[in-house]
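Shown next, in structure tokens, is the structure this report addresses.
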Amino acid sequence: MCAMTVYGLACFEFGGDLNFRDVVPEHAWRALVEQGRRVVYRRGAVIYRQGDRASSVTLLEDGTVKVLQVTEGGAGLTLTLRGPGEVLGEIGVILDRPRSATLEAVNPCSGHVLGARTFLAGLDRLDLVPTVYRLAVDRMHHVEQLRTDLVSLPPAARVARVILYLAVEVGRPSKGGTLVELGMPREELAAMAAVGRSTAAPVLRRLHMEGVLDLARTRLVVKDAEALEAAARAEGPGAPGM
């Protein structure tokens with residue numbers, strides 16, 4: 001989800017719209033949905049598991065999904081969040097490769113599951129193959145841009161950058177700002193920013209005290225988008241000291 005601005009959040013250098021439903025004609029989305037089987041996932045349910053055969057995709061219509069990779073040692077690292085309008089599991093199906101990540105429902109989710117052959121045939125019929133490939137490439141660029149930023153930015157700015165990234169990905173309008181359903185503890189958010197919890201905690205407190213964010217255990221609200229963007233660039237009042 002990324003237009004020039006999203007709920008007041010500028011999209012930085014991340015690129016164009018990455019949400020499948022936003023970039024395809026509505027009739028094409030509906031045609032794919034009609035080919036699928038409706039599914040509902042409870043919070044915490046595993047939708048796809050890393051290493052499994054990619055035999056289907058899910059068109060997500062409601063809810064937020066966490067994308068994570070499991071290391072050889074068994075630790076899980078959250079990579080991103082995906083929201084409504086996304087096609088889940090498409091890369092493995094298109095490339096005919098095992099799942100490269102585990103997808104877990106952050107909150108109750110619903111959508112439609114299509115078998116791999118049905119999905120690929122639908123893409124051909126609706127002339128969506130170029131769109132899906134472009135989205136895949138753009139999303140990889142999006143993630144690489146974030147990783148590059150996390151290497152070059154100071155720790156406090158990394159935390160702000162990751163929050164901004166997630167708000168652009170899955171934020172939705174809420175009273176007072178943009179709601180982001182994180183579905184993860186602060187340790188996972190800190191790990192996404194390549195910092196420790198002891199570093200992330202004071203940054204989050206300061207952003208909260210300055211009125212930039214409202215914080216809850218597994219969600220947050222971006223109240224001041226411009227201030228968050230400045231913090232993500234290590235600019236603005238107080239940014240260097242965060």
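Positions 1 to 242 (our numbering) are the ones given, in order, by the sequence shown.
Heads up, the beta-carbon is just placed ideally off N, CA and C, and yes, glycines get one too.
Predicted, not measured: the structure shown is a model, and the values here were computed from it.
Val-195 sits away from Val-180, with the two beta carbons spaced by 8 Å or more. By the C-beta criterion, the stretch 127-135 is judged not to be in contact with the stretch 64-76, since fewer than 3 inter-stretch pairs fall below 8 Å.
Sequence-distant partners of Ala-167 (beyond 5 residues in either direction) whose C-beta falls short of 6 Å from its own C-beta, in its chain, are Leu-9, Thr-178, Val-180, Val-222. The three-state reading of DSSP puts Gly-122 in helix, counting H, G and I together.
For Val-40, the CB contacts under 8 Å within the same chain, skipping 5 residues up- and downstream, are Pro-108, Cys-109, Ser-110 in chain order.
Each residue's CA atom was taken as its position, placing Arg-217 and Arg-186 some 8 Å apart. With a cutoff of 8 Å on beta-carbon distance, Val-57 and Val-87 are scored as near each other. According to DSSP, Leu-215 shares a beta bridge with Leu-220. Nearest in C-alpha terms to Pro-98, of all of Glu-144, Arg-117, Gly-51, is Gly-51. For Gly-177, the enclosing beta strand (DSSP E) stretches over residues 177-181. Classified as buried, Glu-90 has 16 or more neighbouring CB atoms from the shown chains inside 10 Å of its CB.
Distance check between Leu-207 and each of Arg-139, Gly-183, Ala-156, Ser-100 places Ala-156 closest, using alpha-carbon atoms only. Under the 10 Å beta carbon count, Leu-228 is surrounded by 16 or more other beta carbons and is classified as buried. Residue nearest to Ile-47 within the set Lys-66, Arg-37, Leu-95 is Lys-66 (criterion: CA-CA distance). When secondary structure is reduced to three states using DSSP, Thr-58 falls in the strand class. With 16 or more other Cβ atoms from the protein chains shown falling within 10 Å of its own Cβ, Thr-102 counts as buried.
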